[in-house]
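Residues in the sequence shown are numbered from 763 upward in steps of one, following this note's numbering. The C-beta atom is built at its ideal place from N, Cα and C for all residues, glycine as well. These numbers come from a predicted model, not from an experiment.
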Amino acid sequence: MEMELDDQGHMVVRPLLTDLYQATMGLGYWRAGRACEEAEFELFFRHCPFGGSFALTAGLQDCIRFLRAFRLRDADVQFLASVLPPDTDPAFFEHLRALDCSRVSVRALPEGSLAFPGVPLLQVSGPLLLVQLLETPLLCLVSYASLVATNAARLRLIAGPDKRLLEMGLRRAQGPDGGFTASIYSYLGGFDSSSNTLAGQLRGVPVAGTLAHSFITSFLGSEVPPDPMLAPASSEGPAVDLPASVNLWLKRVCIYLGLEEREPHPGERAAFVAYALAFPRAFQGLLDSYSVRRSGLPNFLAVALALGELGYRAVGVRLDSGDLLQQAKEIRGIFRTVGAEFQMPWLEFVPIAVSNNIDEKELARLAQKGSEVNVIGIGTNVVTCPKQPSMGCVYKLVSVGGQPRIKLTEESQKRILPGSKAAFRFLDSEGSLLLDLLQLAEEPPPKAGQELRVWLQGAQEPCTVKPAQVEPLLRLYLQQGQVTAPHLRLHQG
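Shown next, in the form of structure tokens:
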């Protein structure tokens, strides 16, 4: 799939990425003479995802970019003309051609904010027909971005602050756009880096990666490097024949580990040597192509020690099968003793990375106290959000012409609060969250130290709260089509 990019390298979301009924309702508004009435919609969710207690809001900068570029092309209008009634007044299509977001305003929670049910992630106001047309693309831009950011934040909380989390789910994602979005917003949610190079190029996400089993198994051991010589890291002194040095180190390592020299796989060793010659300052090994204990580990040690003699330090190993926690513990112990035996103490601290369909349960195990795992690669279980496939965001009309609008329904939980609203976060004296308050926009804002009676969501009786701090939640990001506040840059998330 070829992605359409704007002049800054960002993916383009076109106005027709929408549901047909937005256009049919638009025609209905226009025929009723209501297309230009001022209206306000709110985008929010009803339940916290994953059975949790919070969400992170994401996708704001994509929404602002979409709104600023919103125009229907001639081809777009021609397609709509082909699917709407053939007797539709041509003036309606001229109205569509003239649409832009110069009369649209957006208030929103800042990118990466904690969000809770019912509190608007976006408030979108403008001409009724136009802001109706915006519903589906805005939901599409916000819902999955917020879902994957929340999923990533949950995984970060489980992992704790010290483990490095690598998102590596592009190949498992629901299409190119899904993979790209997941890489961006897993970073916003707390991951350290992504394997997705396009996310690095276009959105500044730090990229990282190791190597695959295919690289290792492609070598037989008979390959001769075209240039086997490697100069010392300091550039002082003669270059060394790295494969020959590795073979000498392998003898010493095997004796120390109690292995026969023929046990480590020669093809794996040749692959490690080739990788080391290409990346002497960033050498890392994938240890489980054949046998971790009898092949991957001794081959890695032989290459790492040969590099160490030249002043280079290996940057890591990865495990992709078996009991990752136990293997990491055993490998750390061997690194410690081998480093001491051969006077290379840095070897003890070589990072150990793991991967293998890691979910929340396995992540908690890998993050427990005493774990020797440093880096955790997660793919499927961050990008696909398997515990909940959708955020369940909705986009509801709350006012037209300054008059509140309400949806009454057979299900009480699907009723909406009418009218334009303001939102505030109440904190206690230690800065801990008490609650988020919704009120009508025209009501006086609450003040710190003021005792208030509030109705908690779903409660039958009010309660009293006295916040030590009050923070307004919704910021004006777009006013009459003009950006009024910088949205959060991704690296600040």
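Leaving aside the five residues that flank I920 on each side, the residues in its chain whose CB is nearer than 7 Å to its CB run, in chain order, E1122, L1125, A1126, A1129. If the five residues before and after H809 are omitted, its C-beta is found closer than 8 Å to the C-beta atoms of P879, G1154, all from its own chain and listed in chain order. P1234 sits in a strand when the DSSP states are folded into three classes. The DSSP assignment places complete beta strand (DSSP E) segments of no fewer than 3 residues inside the region 989-1068 at 1046-1048, in order along the chain.
Here the C-alpha atom of S957 lies approximately 37 Å from the C-alpha atom of E1022. In the three-state reduction of the DSSP assignment, R835 falls in the coil class, being assigned neither a helical nor a strand state. Considering only Q784, G813, F806, the residue with the shortest C-alpha distance to L822 is F806. Within the DSSP bridge table, the entry for F1188 names L1197, V1232 as partners. With contact defined as three or more Cβ pairs closer than 8 Å, the region 1129-1149 and the region 1076-1094 are in contact. R865 and A785 have their C-alpha atoms roughly 19 Å apart. Close CB contacts of S1051 within its chain, under the 7 Å cut and outside five residues either way in sequence, are with H975, I978, T979, E1030, G1058 (chain order). Boundaries of the alpha helix (DSSP H) around R965: 959-965. Contact between the region 824-843 and the region 888-903 is present: 3 or more CB-CB pairs across the two stretches fall below 8 Å.
Proximity to L1049 across A1040, A1064, R1043 peaks at A1064, based on C-alpha coordinates. Close CB contacts of L1039 within its chain, under the 8 Å cut and outside five residues either way in sequence, are with P987, D989, P990, L992, L1004 (chain order). According to DSSP, A801 shares a beta bridge with G888, V1162. It is roughly 13 Å from the alpha-carbon of N1061 to the alpha-carbon of F1045.
A distance below 8 Å separates the beta carbons of G1181 and V1160. In this structure S948 does not touch V969 by the C-beta definition: roughly 13 Å separates them, more than the 8 Å allowed.
Taking 8 Å as the cut-off, the Cβ atoms of L876 and L818 count as close. Around the beta carbon of C902, 16 or more other beta carbons lie within 10 angstroms, which makes this residue buried. Per DSSP, T979 is one residue of the alpha helix (DSSP H) stretching across 975-979. In summary, V839 is buried, with 16 or more beta-carbon neighbours lying within 10 Å of its beta-carbon over all protein chains present.
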